[in-house]
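S.K.: Sending over a structure as structure tokens; questions will come in a sec.
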Amino acid sequence: LVGPSGCGKTTLLHLAAGLLTLRTGTISSGFRNPAVMFQQPRLLPWKTTRDNIALGLKAAGLARAECSSRALAMGRAVGLDAEALGQFPHALSGGMQSRAALARALVLEPDLLLMDEPFSALDIQTRQLMENEVLALWAAKKKAVLFITHDLDEAIAMSDRVVVLSAGPASRPIGEFRVDLERPRDVAEVRATPRFVELHQAIWGVLRDEVLKGYQQQLAA
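Going by my numbering, the first residue of the sequence shown is number 2, and it counts up by one from there.
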């Protein structure tokens with residue numbers, strides 16, 4: 002999902018995750034085991050990286066040894082070495098904290114991964130590394146991912162389908178585009194392809210006015 006600020010994308014994600022309840026209407030989904038990766042890593046500062054990754058497993062009642070083993074394996078799968086897994090969050094870089102948050106979500110083996118602007122706070126180089134990590138993990142696991150972003154380049158580079166939302170209030174879908182770029186992809190290299198440029202122009206043509214509306218709403222607030 003891509004849209005202007007204030008368009009309610011995060012609310013939609015929280016509804017899909019069951020973190021919010023609808024007052025009216027229904028949500029229908031074939032996914033029974035969602036996991037969420039938030040905009041901020043939200044790691045518990047008094048727990049090691051490995052223990053943070055294992056939080057959901059412990060809450061599910063798994064044995065301590067299995068929690069530790071699975072957290073270690075998933076931490077390594079997202080690029081965290083033994084030293085990083087033994088450290089507390091304050092000692093980790095922003096990129097490593099994001100890797101830990103990603104591992105915490107993936108270790109639950111969700112059938113739907115909900116990602117709420119997970120890399121927006123990272124520098125561009127680290128961000129691209131993390132985006133490619135997610136693409137590689139997706140290729141290996143083929144899990145469904147709902148990715149929330151304000152960044153149109155990121156939306157196109159990461160996705161098979163881009164849904165554009167209008168500016169709020171009462172935000173709604175106003176466009177849907179199939180991203181037919183070949184996989185595997187490198188998020189930096191794919192931006193230079195003619196098809197990426199075509200998709201960007203087409204989607205921006207729908208999104209532009211909504212971004213301006215969102216900006217005017219912020220000025221008036």
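No residue lacks a Cβ here, since even glycine has one placed at the ideal position from N, Cα and C. Note that the structure is a prediction, hence the values are computed from the model and not measured.
#1: Looking only at its own chain, which residues have a Cβ that is under 6 Å from the Cβ of Gln202, when we skip the five neighbours before and after it?
#2: Is it the case that the Cβ atoms of Val207 and Gly176 are separated by a distance below 8 Å?
#3: Nearest by alpha-carbon distance to Leu45: which of Val37, Arg105, Met159 and Leu63 is it?
#4: Return the chain-ordered list of same chain residues with a C-beta closer than 8 Å to the C-beta of Ile28, the five sequence neighbours on each side being excluded.
#5: Helix, strand or coil for Ala55? Go by DSSP, reduced to three states.
#6: Could you check where the alpha helix (DSSP H) with Val135 kicks off and where it finishes?
#7: Using a Cβ-Cβ cut-off of 8 Å (strictly less than) and excluding sequence neighbours within five positions of Arg51, which residues of its own chain qualify?
#8: Give me whichever residues DSSP pairs with Leu114 in a beta bridge.
#9: Among the residues of its own chain, which have a CB less than 8 Å from the CB of Arg173, if the five just before and after it don't count?
M.R.: Reading from the atomic positions:
#1: The answer is none, since no qualifying residue turns up.
#2: With contacts defined by Cβ atoms closer than 8 Å, Val207 and Gly176 form a contacting pair.
#3: Nearest of Val37, Arg105, Met159 and Leu63 to Leu45, Cα basis: Arg105.
#4: In its chain, beyond the 5 residues on either side, Leu16 and Ala17 have a beta carbon closer than 8 Å to the beta carbon of Ile28.
#5: In this structure, Ala55 counts as coil in the three-state DSSP scheme.
#6: Per DSSP, Val135 belongs to the alpha helix (DSSP H) from Ile125 to Lys142.
#7: Listed in chain order, the non-local C-beta contacts of Arg51 below 8 Å within the same chain comprise Ser69, Ala72, Leu73, Gly76, Leu86 and Gly87, local neighbours out to five positions each way being set aside.
#8: BP columns for Leu114 point to Ala36 and Val146.
#9: Result list for Arg173: Leu166 and Ser167, in chain order.
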